[in-house]
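Undergrad: Just so we're aligned: 78 in my numbering is position 48 of the sequence shown, and the numbers increase by one with no gaps anywhere.
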Amino acid sequence: MMKKITIRNDELYNLNDTENIMFPKYTSQLINWANQNAQGTRPKVVGQLSEVFPEYIGHSSNISLNEWEKWYKDKYPNAIDKATEKIYLQVENLKEAIVKIDKEMINNWVYDLVINKTYNGLYIQNAIIKKIALFKNTDNFRLATKEEESKGIDGFVDNVAYSIKPHSYKTMNRLSENIDAKMVYYEKTKTGLAIEIEE
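(1) Mind pulling the alpha helix (DSSP H) runs of 4 or more residues that sit fully within the segment 129-187?
(2) Which of the three DSSP states is assigned to A68 in this structure?
(3) Go ahead and pull the three-state DSSP assignment for K195.
(4) Excluding the five sequence neighbours on either side, which residues of its own chain have a C-beta within less than 6 angstroms of the C-beta of A174, listed in chain order?
(5) Could you pull the start and end residues of the alpha helix (DSSP H) that I227 belongs to?
(6) Tell me which residues share the same chain as Y216 and place their Cβ nearer than 8 angstroms to its Cβ, disregarding the 5 neighbours each side in the sequence.
(7) With Y86 as the anchor, note down where its alpha helix (DSSP H) starts and where it stops.
(8) Are there 16 or more other CB atoms within 10 angstroms of the CB of F53, so buried, or fewer, so exposed?
(9) Return the CA-CA distance between Q66 and G77, expressed in angstroms with no decimal places.
(10) Measure the alpha-carbon distance for I35 versus E41 and round it to whole angstroms.
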């Protein structure tokens with residue numbers, strides 16, 4: 031029988047004799063958010079730490095926080111300063127942006143999330159069928175009826191049936207399904223949707 035134990039985050043600092051630096055409320059979240067935008071701690075800036083630290087362990091006979099810091103700074107002499115500068119510039123951008131945020135803007139943001147983005151995110155079939163019709167230069171298109179949907183059909187363009195699936199569907203076992211329609215696969219990207227249409 032195995033005994034299960036846990037180590038809390040604050041205990042981890044104590045067990046490894048590292049300093050648990052405390053930040054004022056919300057500041058750590060904001061710095062983290064700025065870092066995500068600035069990409070200040072990406073591997074190209076600070077190294078692939080999941081590989082760098084084991085490399086240090088493998089090359090060091092005296093493992094300690096001070097030795098790790100010295101080893102890291104020797105290998106990446108300007109990395110912490112470069113990351114700091116990238117994040118700092120993004121924090122300055124956030125400072126400028128935050129004073130522009132008022133209740134009306136927040137209301138618009140919530141509306142856009144709840145109404146627009148939900149509609150666009152969950153009603154992809156409609157947009158794709160319309161895009162296929164535009165691509166084929168026709169006004170003859172429609173979404174499937176409930177009965178047609180039960181057969182795996184999502185819509186028609188020039189009376190050709192289309193079944194619209196996320197790109198991940200290709201790797202699923204469901205491919206053995208027999209859908210009497212042209213297959214359309216889509217993948218969400220940063221800039222919109224990447225779509226593959228069976229000819």
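The C-beta atom is built at its ideal place from N, Cα and C for all residues, glycine as well.
TA: On the basis of the data shown:
(1) 133-141, 148-152, 154-165, 176-179
(2) In the sequence shown, the residue the question calls residue 68 occupies position 38. Under the three-state reduction of DSSP output, A68 falls in the helix class.
(3) Here residue 195 refers to the residue found at position 165 of the sequence shown. In the structure shown, the three-state DSSP call for K195 is strand.
(4) Counted from its first residue, the sequence shown places residue 174 at position 144. Within the same chain, A174 has close Cβ partners I183, D184, G185.
(5) Here residue 227 refers to the residue found at position 197 when the sequence shown is read from its first residue. Where I227 is concerned, there is no enclosing alpha helix (DSSP H), although the beta strand (DSSP E) it sits in stretches over 223-227.
(6) As a first step, residue 216 must be located in the sequence shown, where it is residue number 186. The beta carbon of Y216 is closer than 8 angstroms to those of I154, I158, I194, K195, P196, H197, L223, A224, I225, E226 in its chain, skipping five residues each way along the sequence.
(7) The residue labelled residue 86 in the question sits at position 56 within the sequence shown. That run of the alpha helix (DSSP H) goes 79-89.
(8) One-based indexing of the sequence shown puts residue 53 at position 23. Looking at its Cβ environment, which holds fewer than 16 other Cβ atoms inside 10 Å, F53 is exposed.
(9) Locating residue 66 in the sequence shown gives position 36, where the first residue counts as 1. Locating residue 77 in the sequence shown gives position 47, where the first residue counts as 1. Cα to Cα, the separation comes out at about 16 angstroms.
(10) Residue numbering aside, residue 35 sits at position 5 when the sequence shown is read from its first letter. Residue numbering aside, residue 41 sits at position 11 when the sequence shown is read from its first letter. Cα to Cα, the separation comes out at about 12 angstroms.
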